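Colleague: Numbering (the working numbering), first residue to last: 128 to 229.
1) Compare the beta carbon distance of residue 149 and residue 162 with 9 Å and say whether it is the shorter of the two.
2) Considering only C-alpha positions, which residue in the set 158, 152, 139 is nearest to residue 206?
3) Quick one: what's got a C-beta closer than 8 Å to residue 209's C-beta in the same chain, skipping five residues either side?
4) Assign residue 225 to one of three DSSP states: helix, strand, or coil.
5) Give me the Cα-Cα distance between residue 190 and residue 165, rounded to the nearest whole angstrom.
6) Note down the Cα distance separating residue 194 from residue 179, rounded to an integer number of angstroms.
7) Going by C-alpha to C-alpha distance, which of 169, 132, 133, 130 sits closest to residue 145?
8) On the DSSP bridge assignment, give the partners of residue 156 in chain order.
9) What's the call for residue 139, buried or exposed, on a 16-neighbour Cβ count within 10 Å?
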């Protein structure tokens, strides 16, 4: 492996922190929360790939492929949900979706 595992883990932890910061800072906007979650999942995938390259096994790479499939399904469902909520309330502000009634 040409890049040391410690460097991969540092970059992944920075990415995860940026994603977490995005989720915490933009709690009012559903789209920005989803972007933050995607950044955090990409950091986890980077950790899996770096670990599998460091130890010479393909388990982390296979798991990251499954995680990519999961995130693509999550993005499509979340986008459909955002479009539905935007059509219903004319906003993507999470504070406006605090009740169960229509």
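All residues carry an ideal CB built from backbone N, CA and C; glycine is no exception. As the structure is a computational prediction, the values presented were derived from the model and not from experiment.
Modeller: Here's the rundown:
1) yes
2) 158
3) 157, 158, 161, 219
4) coil
5) 16 Å
6) 15 Å
7) 169
8) 220
9) buried
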